[in-house]
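To start, the structure itself, in structure tokens.
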Amino acid sequence: MSESPPNRLQLFLGFLQIGVTGFGGVMPIARRALVEKRRWVSPEQFALDMAMAQLLPGPNIVNLSVAIGLRFGGLSGAALCFIGILALPLVILLILLTLYARSGGIPIVAQALHGVTAVAAGLIGAMAWRVAAPLFRSSGDLVIVALTTLAMVGLRLPLLPVLIVGAALGVALALRRQRVNGGG
């Protein structure tokens with residue numbers, strides 16, 4: 000961890016940089032910036048913050064930025080991190096949407112957007128692979144991944160019930176592992 004906590008300006012600039020460099024898979028970039036480069040949080044604290052951010056509604060990175068901003072800078076720190084993570088991506092989005100509104104009917108632009116869509120799908124798949132890779136060591140975790148995939152893709156069940164059932168299965172699996180390993 001850092002010797003001194005970040006001030007509000009450092010929080011804002013840190014999340015501004017994450018926001019502008021985090022195309023596609025922003026969480027690995029955020030982890031590298033917050034844990035390894037700036038050492039604002041430990042790897043364990045980042046994992047806990049990330050888990051909390053995923054449970055809340057809204058974009059994970061925005062939730063994470065607000066939580067870290069709140070921890071180090073109170074409400075104003077949370078607001079600055081929120082603005083920092085979204086400011087430049089919003090400007091870029093508005094510029095791109097304006098350009099698209101003027102040129103979206105041009106066939107080459109439509110073809111380019113299909114390519115970008117394919118890249119986005121690939122980035123999502125790559126991130127899913129990185130998140131799931133550590134689970135391949137445990138058959139119980141793999142069962143939860145498979146059931147979740149079936150529920151969401153095959154059966155098209157709503158997210159919240161799938162999340163609740165997945166969390167319950169995760170707790171049950173952890174308790175079972177604890178019993179098997181003699182922890183209680």
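Quick note: the sequence shown uses numbering that gives the first Met the number 0, first residue 0, plus one each step. For glycine and all other residues, C-beta sits at the position ideal for the given N, C-alpha and C. Note that the structure is predicted; figures quoted are calculated from it, not measured.
Rounded to a whole number of angstroms, what is the C-alpha to C-alpha distance between G57 and S138? Here residue 57 corresponds to residue number 58 of the sequence shown, with the count starting at 1. Here residue 138 corresponds to residue number 139 of the sequence shown, with the count starting at 1. Within the model, the alpha-carbon separation for G57 versus S138 is close to 30 Å.
Could you give the residue range of the alpha helix (DSSP H) that holds N62? Residue numbering aside, residue 62 sits at position 63 when the sequence shown is read from its first letter. Its alpha helix (DSSP H) spans residues N59 to S102.
So, are the CB atoms of L79 and G72 less than 8 Å apart? Locating residue 79 in the sequence shown gives position 80, counting from the first residue. Locating residue 72 in the sequence shown gives position 73, counting from the first residue. Yes, the Cβ-Cβ distance between L79 and G72 is below 8 Å.
Which of the three DSSP states, helix, strand or coil, is assigned to W128? Within the sequence shown, numbered from 1, the residue matching residue 128 stands at position 129. Of the three classes helix, strand and coil, the one that applies to W128 here is helix, per DSSP.
CA-to-CA distance, P42 to R30, given in whole angstroms: Locating residue 30 in the sequence shown gives position 31, where the first residue counts as 1. Locating residue 42 in the sequence shown gives position 43, where the first residue counts as 1. Approximately 8 Å, taken between the alpha carbons.
Look at the Cβ atom of A141, then the Cβ atom of L149, and state whether they are nearer than 8 Å. On the sequence shown, position 142 is the one that residue 141 refers to. On the sequence shown, position 150 is the one that residue 149 refers to. As written in the sequence, residue 141 is Leu, which differs from the Ala given in the question. No; because the gap between Cβ atoms is not below 8 Å, this pair is not in contact.
Helix, strand or coil, according to DSSP, for S138 in the structure here? Locating residue 138 in the sequence shown gives position 139, where the first residue counts as 1. DSSP places S138 in helix when its eight states are reduced to three.
Report the rounded CA-to-CA distance for L69 versus M51, giving the unit in angstroms. For this step, residue 69 is matched to residue 70 along the sequence shown. For this step, residue 51 is matched to residue 52 along the sequence shown. Rounded to whole angstroms, L69 to M51 spans 14 Å at the Cα level.
Spatial distance of L89 from Y99 (CA atoms): As a position in the sequence shown, residue 89 is number 90, starting the count at 1. As a position in the sequence shown, residue 99 is number 100, starting the count at 1. Cα-Cα distance, rounded: 15 Å.
May I ask you to report which of helix, strand or coil DSSP gives G21? As a first step, residue 21 must be located in the sequence shown, where it is residue number 22. If DSSP states are grouped into helix, strand and coil, G21 belongs with coil.
Residue range of the alpha helix (DSSP H) that I163 falls in? On the sequence shown, residue 163 is found 164 positions in, with the first residue counted as 1. Counting along the chain, the alpha helix (DSSP H) containing I163 begins and ends at L158 to V179.
Taking Cβ positions, are I143 and L168 nearer each other than 8 Å? Here residue 143 refers to the residue found at position 144 of the sequence shown. Here residue 168 refers to the residue found at position 169 of the sequence shown. Taking 8 Å as the Cβ cut-off, I143 and L168 qualify as a contacting pair.
Give every residue of the same chain whose Cβ lies closer than 8 Å to the Cβ of L174, excluding the five residues on either side of it in the sequence, and list them in chain order. Indexing the sequence shown from 1 puts residue 174 at position 175. Counting only Cβ-Cβ distances below 8 Å, and skipping sequence neighbours, we find nothing.
Find the nearest neighbour of A185 within the set R136, G114, T20 and A120, judged by alpha-carbon distance. Because the chain in this structure spans residues 0 to 183, residue 185 falls outside the shown range and cannot be described.
Burial state of L96 (16 or more Cβ within 10 Å): Stepping through the sequence shown from its first residue, residue 96 is reached at position 97. By the neighbour-count definition (other C-beta atoms within 10 Å, threshold 16), L96 is an exposed residue.
Cβ shell of V40 (< 8 Å), same chain only, five flanking positions each side left out: The residue labelled residue 40 in the question sits at position 41 within the sequence shown. The residues are M0, L33, V34, D48 and I67.
Let me know if I17 comes out buried or exposed under the rule of 16 or more other beta-carbons within 10 Å of its beta-carbon. The count along the sequence shown starts at 1 and reaches residue 17 at position 18. Buried, by the Cβ-count rule.
If you draw a straight line from the C-alpha of V152 to the C-alpha of L159, how long is it? The count along the sequence shown starts at 1 and reaches residue 152 at position 153. The count along the sequence shown starts at 1 and reaches residue 159 at position 160. Roughly 14 Å separates the two Cα atoms.
Buried or exposed (CB count within 10 angstroms, at least 16 for buried), P202: The structure shown has nothing for residue 202, since the chain only spans 0 to 183.
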